[in-house]
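Participant:
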Amino acid sequence: MGQIIDLEQIRTVRRDRIRNEALKRFPWREMERISRDVLEPMVRFWSEKKRHILLELVYRSVYEAFVYGMLEAKNARGHLRDLSDSHTWDDIYRLFYQENCQQLMQQMVNQFAIFQWLDEWRCESVCLLLEYLIRVWFIEGLQFSDKS
0 MGQIIDLEQI RTVRRDRIRN EALKRFPWRE MERISRDVLE PMVRFWSEKK RHILLELVYR
60 SVYEAFVYGM LEAKNARGHL RDLSDSHTWD DIYRLFYQEN CQQLMQQMVN QFAIFQWLDE
120 WRCESVCLLL EYLIRVWFIE GLQFSDKS
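Using numbering that gives the first Met the number 0, you'd call the opening residue of the sequence shown number 0 and step up by one each time.
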């Protein structure tokens, strides 16, 4: 007989499966390099507490962007196929995903309340860094999903 299929449950199972896969196969060594070469020089004079909060903010933002890229890989490949051959993943990001990734960044920044404990210039620096890293790691997620 016919069965009722709960699409939301299927989406949730898929999302959880991809998040677990991302956690297992995320290139943590690359993040350690970014932490050492980019973050540590930026925060070396900050208090221990602020450094830890920023590191957690960056790691979580990058991981969420990576997962989001993996989740959107199929749709992004469709967008790439529909556009001319000269378009790149960066173009796909700008055209279709930049706004959502901005929202992700804003969500993370608000969750960590950086505007409450950092001055304006440091907040701006952190936001610029997050914008860049989220774009790069979203695209990594798209490409990682292609390789899998």
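Just so you know, even glycine gets a beta-carbon here, dropped at the ideal spot from N, CA and C.
Taking DSSP as the reference, what is the three-state secondary structure of Q8?
Facilitator: The residue given as residue 8 occupies position 9 in the sequence shown. The answer is helix: DSSP assigns Q8 an H, G or I state.
Participant: Looking at C-beta atoms only, is the number of pairs between the region 32 to 43 and the region 66 to 78 that lie closer than 8 Å three or more?
Facilitator: no
Participant: How far does the alpha helix (DSSP H) with W116 in it extend, from its first residue to its last?
Facilitator: As a working mapping, residue 116 is identified with position 117 in the sequence shown. First-last of the alpha helix (DSSP H) with W116: 113 to 116.
Participant: On the CB-based measure, 16 or more other CB atoms within 10 Å of its CB, does Y67 come out buried or exposed?
Facilitator: Start at 1 with the first residue of the sequence shown, and residue 67 comes out as number 68. Buried.
Participant: Let me know if G1 comes out buried or exposed under the rule of 16 or more other beta-carbons within 10 Å of its beta-carbon.
Facilitator: Your numbering for residue 1 matches position 2 in the sequence shown. Exposed is the call here.
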